[in-house]
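Read the structure below first, then the notes.
Residue numbers (the working numbering), protein chains in the order written: chain A, 225 to 338; chain B, 22 to 133.
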């Protein structure tokens, strides 16, 4: 158990809908990262927050957005869902933003868009 | 941009065999290198890491050495077990960036 929790574990929804994925980082970790794992794209970085502020952005679609709240939990919002958004979404956390910090991954949320 | 290349899988071995999974990288700076493991139905777990050239990361019998001259970080284990069956991801974290860049993953299947 990494100490990072993600809810829900599974999510099934329809095209055009909007969903929210939630992540609670390990106690004391200030950085939260979101990654998408899909069969065709592999594991890709989406976005990072550090202590409530956006720190880095990767291959995140405009239909996707995220935020980190004062209690440091984070939410990833996916809207106007398409079939291709079906994937495993991982959240990771680290103590700070140092390059040598270890990122600890949650168990993931499996999103299926029908 | 930064990238990581891993050997294609699956790698199929018998228990107690020697394991090597090749990983090479391309990066503009001086990255930290990682191996993560994903067991079926689970998230990613950090297996080992190395933050500078010639560092050796090790954990649970697995080892990898950061080779700057060959831009490689090959994963090795002297004697694999059935419980090592999983997908192994090589990743880098480059200077100036927070994100991890992952390889495509290599599935390891170990039979009794």
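Glycine is no exception: its CB is placed at the ideal position from the N, C-alpha and C atoms.
Taken atom to atom, the span from the alpha-carbon of residue 338(A) to that of residue 38(B) is near 43 Å.
In the DSSP assignment, residue 271(A) falls within the unbroken beta strand (DSSP E) covering 266–274. Under DSSP, the beta-bridge partners assigned to residue 334(A) are 234(A) and 312(A).
When DSSP states are grouped into helix, strand and coil, residue 104(B) belongs to the helix group.
Look at residue 293(A): its C-beta is not under 8 Å from any C-beta on chain B. Proximity of chain B to residue 326(A) at the Cβ level (cut-off 9 Å) is accounted for by 55, 67 and 70, in chain order. Under the DSSP definition of a beta bridge, residue 280(A) partners with 272(A). Look at residue 307(A) here: in three-state DSSP terms it is helix. For the 8 Å CB-CB criterion, residue 311(A) and residue 261(A) form a contact. Per the Cβ contact rule, the stretch 252–266 of chain A is not in contact with the stretch 96–104 of chain B (fewer than 3 Cβ pairs under 8 Å).
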